[in-house]
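In what follows, a structure is listed as structure tokens, so that the remarks can point back to it.
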Amino acid sequence: MSAGSSTQSYDDASAGSEGPFFALLQDMSPYIDEVLAAPEFHRFLELPIELRCKIYEQYFIDNKNSIICKTWPYLRITRQFAVKQRSGKTAHALIPNLCLVSKALQDEQLDCLFSLLNFDFEDATTFEFGLAMIGGPMKLPCLQNYIRNVSIRNVNGQHYRVVSTVARDGAAQETRKDCEEAMFSVSTLLRELPRVRQLSFEVCSPLWCRRQITNTSLIQKTWLQALPIAGYLGGFEILGVLTMKALTRLTIIGQAGHYNCHPHVRSILANKDFGNTEHLQGVIDLARQIKDGFSKQNQDVLVEVRLMYGRGKEDVIILA
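Per the working numbering, the very first residue in the sequence shown carries number 93; after that it's consecutive.
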């Protein structure tokens, strides 16, 4: 402070107990703790739950920085996606940051996020990877408990599978072994989804390929024959489905014949249409066993069977 000046420095004012700014702080001190203990976002809790969920939904739709929100309310997990995640080439978090802000709102946010989310897994391998990713090393409540809707394609790994005439017996035996491993893996992992309400899974029947070359024209003709799917459903543990106490709807999709034939192969076939519901009888039998199991434990589950076997041919059976 210069000679003759009446201006007091900040340090002088704050150091003295009689300074006006210090007195103001003393007057405000009783309210500071109260303000810090009740920040502004707590007013959000005063909104009706329906409105809060609408706000969450809009946030999830607009947010593109998390894996789940990128395509919310749908999430397709493919093998390509799994490889990318394992390689660490993506820096996106699994869930949006909003779900990590407040523990008081976390359960509500996660329930809203997952209850409308439809998980679509490409096959048994991606289903196993997806559950491991969701149940990973995150310090959160068990996220599997929030999942409500699940679809698993190609559970037995026979989508577009063709067994040739020459290797029919050996290839068929190896194929059945692969089927059993995949079916067992999926059915046992279903135990980790206790609150799923709607489950859909798809199984496919492989095709038997027969070729013939005529001596006169040396033209090769190719026929495909649908194989009964019953031999490719082994390993499925029905108890895995029956442990899903929140389940209300189960859809089992069976594909065989023309419907399970790759478009490129389809274009060179001598027989353009083949396959019928008899090849998919095993799917119906599996569905009835599951339905009977639910009935015995007094659980009301609508079981739907969809049979796809030819061009424009699809049968739907409801086991109510």
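In this text, a Cβ means the ideal position worked out from N, Cα and C, and glycines have one as well.
Here the structure is a predicted model, which is why all the values come from computation and not from measurement.
Fill in: residue 107 to residue 195 span [Cα, whole Å]
Residue confidence is low: residue 107 scores 47 on pLDDT, short of 50, so the model does not pin down where it sits. No coordinate-derived value is stated.
Item to complete: Report buried or exposed for residue 355, applying the criterion of at least 16 other Cβ atoms within 10 angstroms of its Cβ.
Response: exposed
Worksheet entry | Terminal residues of the alpha helix (DSSP H) in which residue 187 lies | That residue, residue 187, is in no alpha helix (DSSP H); it is neither H nor E in DSSP.
Worksheet entry | Residues near residue 411 in its chain [Cβ-Cβ closer than 8 Å; skip 5 each side] | 379, 380, 383, 394, 395, 396 and 397
Worksheet item: What's the gap between the Cα of residue 351 and the Cα of residue 185?
Response: 38 Å
Worksheet item: How many angstroms separate the CA atom of residue 149 from the CA atom of residue 267?
Response: 44 Å
Discussion item. For residue 177 and residue 225, which I take to be in contact (beta-carbon distance under 8 Å), what is that distance rounded to the nearest angstrom?
Written reply: 6 Å
Worksheet item: When you compare only the Cα positions, how much space is there between residue 403 and residue 142?
Response: 45 Å
Discussion item. Checking 8 Å against the spacing of the C-beta atoms, do residue 210 and residue 165 come in under that value?
Written reply: yes
Discussion item. Between which two residues does the beta strand (DSSP E) holding residue 405 run?
Written reply: 405–411
Fill in: For residue 367, the three-state DSSP class (helix, strand or coil)
coil
Discussion item. If I measure Cβ to Cβ from residue 243 and keep anything under 6 Å in the same chain, skipping five residues before and after, which residues do I get?
Written reply: 212 and 292
Fill in: Distance between residue 216 and residue 247 (C-alpha atoms, nearest Å)
5 Å
Worksheet entry | Residue(s) in a DSSP beta bridge with residue 241 | 210 and 290
Item to complete: Starting from the Cα of residue 321, find the closest Cα among 169, 223 and 377 and give me that residue.
Response: 377
Item to complete: Taking 8 Å as the cut-off, decide whether the C-beta atoms of residue 205 and residue 160 are in contact.
Response: yes
Worksheet item: Taking residue 341 as the reference, which of 154, 136 and 288 has the closest Cα?
Response: 288
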